[in-house]
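These notes are about the structure you will find just below.
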Amino acid sequence: MDRDGGGLDGDAAVERAMGPMQFISETWRLYGVAARNDGIANVDNIDDAALSAAGYLCWRGKDLATPRGWITALRAYNNSVIYARAVRDWATAYAAGHPL
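First residue of the sequence shown? That's 1108 in the working numbering, and the numbers climb one at a time after it.
Structure below.
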């Protein structure tokens, strides 16, 4: 069921994830921000999408400084243990300077 009548994704029948961080329209409406401070939050802009995802993760996980908070936030973003572990592993590799 599409909640915004296709306003964001252009499809009134099905809710589709959009942009580099794969936001659905309702989540983007609630958490989308304009990273460039131009007042226009664009789901397809990497800066806007990344800052919006960070805000969403902080809001949902509360404390991203702890392993439990991190996993809670990731599971709120996508309720899958496999997804959360994959993101954790990629983030750990990135933080260690390994090429992705």
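For every residue, glycine included, the Cβ atom is placed at its ideal position computed from N, Cα and C.
Three-way DSSP call (helix, strand, coil) for residue i in this model
{"i": "aspartate 1109", "result": "Here the model assigns aspartate 1109 a pLDDT of 49, short of 50, so the residue's position is not dependable, and the following value carries that caveat. Three-state DSSP puts aspartate 1109 in coil, outside helix and strand."}
{"i": "proline 1206", "result": "coil"}
{"i": "glutamine 1129", "result": "coil"}
{"i": "aspartate 1145", "result": "coil"}
{"i": "valine 1194", "result": "helix"}
{"i": "alanine 1124", "result": "coil"}
{"i": "valine 1188", "result": "helix"}
Element boundaries [alpha helix (DSSP H), containing residue i]
{"i": "isoleucine 1153", "result": "1153 to 1168"}
{"i": "glutamate 1133", "result": "1132 to 1138"}
{"i": "arginine 1175", "result": "1174 to 1184"}
Cβ separation of residue i and residue j, assumed to be a contact under 8 angstroms, to the nearest whole Å
{"i": "methionine 1128", "j": "alanine 1172", "result": "Rounded, the Cβ-Cβ distance is 21 angstroms, inconsistent with contact."}
{"i": "serine 1159", "j": "alanine 1148", "result": "7 angstroms"}
{"i": "glycine 1126", "j": "aspartate 1151", "result": "5 angstroms"}
{"i": "valine 1194", "j": "leucine 1181", "result": "5 angstroms"}
is_contact[residue i, chain D] using C-beta, thresh 9 angstroms
{"i": "isoleucine 1153", "result": "Among the chains of the structure shown, chain D does not appear; only one protein chain is present."}
Whether or not the stretch 1167 to 1177 and the stretch 1140 to 1159 are in contact is what I'm after, with contact meaning three or more pairs of Cβ atoms, one per stretch, closer than 8 angstroms; do they touch? no
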